Amino acid sequence: MRLRNLFLAGFLVVIVTLGLMIDIVRPEGDHVTLLVLAPHPTLGFTYTGGEEGSWERAHPGSERPWWLTGRYKVLIELD
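For what it's worth, the numbering used here labels the leading residue of the sequence shown as 40, then goes sequentially.
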């Protein structure tokens with residue numbers, strides 16, 4: 040019984056982590072919506088690029104985020 044509970048807790052942690060890593064990305068300058076697997080768990084769900092270069096103007100000197108640099112795995116592409 041104790042081993043079963045431990046396995047169930049580990050399985051739950053994995054499922055929640057994967058759920059937090061699934062996001063929607065709308066790349067800048069494109070009319071495509073992507074369901075992606077993020078490189079790490081996130082609290083947001085939808086990420087957009089906006090117009091070309093809007094992130095750099097709003098955050099000068101900051102590193103570009105994962106959804107603008109393409110550091111994700113595409114699960115589904117919707118047109």
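All C-beta atoms, glycine included, are put in the ideal place defined by N, C-alpha and C. As the structure is a prediction and not an experimental result, all values here were calculated from the model.
Any idea if residue i is buried or exposed, counting beta-carbon neighbours within 10 angstroms, 16 or more meaning buried?
i   : result
I62 : A small fix is needed here, since residue 62 is Asp in this sequence, not Ile. Buried, because 16 or more other Cβ atoms sit within 10 Å of the Cβ of D62.
L73 : buried
V75 : buried
With the cut-off set at 8 Å, would you say residue i and residue j are in Cβ contact?
i    : j   : result
L114 : V71 : no
G83  : G68 : no
L59  : T85 : no
Quick one: grab the DSSP three-state call for residue i.
i   : result
E95 : helix
L59 : helix
R41 : helix
V71 : coil
T81 : coil
Mind reading off the beta-carbon distance from residue i to residue j? Whole number of angstroms is fine, and I expect it under 8 Å.
i   : j    : result
V55 : Y111 : Incorrect: roughly 19 Å between the Cβ atoms, too far for contact.
A77 : W94  : The Cβ separation is near 17 Å, so there is no contact.
Hey, out of the options, whose CA is closest to residue i's CA?
i    : options                 : result
H79  : P99, L57, G100 and T87  : L57
G109 : P66, L42, E102 and G100 : P66
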